[in-house]
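Q: This is the structure I want to talk about, given as C-alpha cells.
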Amino acid sequence: MENKFFSDIKEMVMAILIAIALLSTLLCFIQYLISKRHFNETCEVFKDKFKKLPTQVMIYQHSGFFFSFMRDSFFIIALLAKEKSFYTRDMNVDEIKFIKSLPSKKTQWIKIKVIVTLFSFISYLTALIYYLMVMRS
Numbered sequence: 002m003e004n005k006f007f008s009d010i011k012e013m014v015m016a017i018l019i020a021i022a023l024l025s026t027l028l029c030f031i032q033y034l035i036s037k038r039h040f041n042e043t044c045e046v047f048k049d050k051f052k053k054l055p056t057q058v059m060i061y062q063h064s065g066f067f068f069s070f071m072r073d074s075f076f077i078i079a080l081l082a083k084e085k086s087f088y089t090r091d092m093n094v095d096e097i098k099f100i101k102s103l104p105s106k107k108t109q110w111i112k113i114k115v116i117v118t119l120f121s122f123i124s125y126l127t128a129l130i131y132y133l134m135v136m137r138s
C-alpha cells in the first residue's frame, strides 16, 4: 500500500515537471513573438549608427523561432559580456559600447529572452534528471 502511494507521488511530480517544461516552451514562443518587434527596432537603431548589421544577425534575421537565439546572440553577448572578454573577442568595441549604451527600455527584451530561455532550459533539465534518478530506479 505504501509503495503504491510513493509510486503515485513520483508519477505526479514527473507529470508536473513535464507540464512546467512544456509551458516554458510556450512561454519561449510567446516571448519570441513579442520580441520580434523589439529586435527589428534594435536592428534599425544599429543600422542607423553603423550603416550595417552584424553578419550573424543578417544570417539568422528571418530564420524563425528555432534560430531566434542565434539571431539575438550578438545583442545578448554585447549587452551581458564585458567589452574585452573571451566572448566579445571578435566583436567591434564601438558596437559593444553602443549596445550597452542603449536605454534599458530598448534592451529589456534581451534580458527577458535570456531569463525565459534559462528558465526553459532548467525546467527541461530538472525533468530529465528527475526521470533518470527517480523514475528509472
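All letters in the sequence shown, in the order written, are residues 2 to 138 by this note's numbering.
Ideal Cβ positions, reconstructed from N, Cα and C, are used throughout, including at glycine.
Are there 16 or more other CB atoms within 10 angstroms of the CB of residue 43, so buried, or fewer, so exposed?
A: One-based indexing of the sequence shown puts residue 43 at position 42. Buried is the call here.
Q: What ranges does the alpha helix (DSSP H) occupy inside the region 28 to 92, keeping only unbroken runs of at least 4 residues that lie completely in it?
A: 56 to 61, 69 to 81, all fully within the region 28 to 92.
Q: Taking the alpha carbon of residue 108 as the reference point, which residue from 47, 85, 53 has its own alpha carbon closest?
A: As a working mapping, residue 108 is identified with position 107 in the sequence shown. The shortest Cα separation from residue 108 among 47, 85, 53 belongs to 47.
Q: Could you give the first and the last residue of the continuous alpha helix (DSSP H) run that contains residue 135?
A: For the purposes of this step, residue 135 is taken as the residue at position 134 of the sequence shown. No alpha helix (DSSP H) contains residue 135, which DSSP labels as neither H nor E.
Q: Under 8 Å, do residue 69 and residue 33 count as touching if we go by C-beta distance?
A: For this step, residue 69 is matched to residue 68 along the sequence shown. For this step, residue 33 is matched to residue 32 along the sequence shown. Yes, the Cβ-Cβ distance between residue 69 and residue 33 is below 8 Å.
Q: What's the C-alpha gap between residue 11 and residue 122?
A: Mapped onto the sequence shown, residue 11 falls at position 10. Mapped onto the sequence shown, residue 122 falls at position 121. Those two C-alpha atoms are separated by around 21 Å.
Q: Going by DSSP in three states, residue 18 sits in which element: helix, strand or coil?
A: The residue labelled residue 18 in the question sits at position 17 within the sequence shown. Of the three classes helix, strand and coil, the one that applies to residue 18 here is helix, per DSSP.
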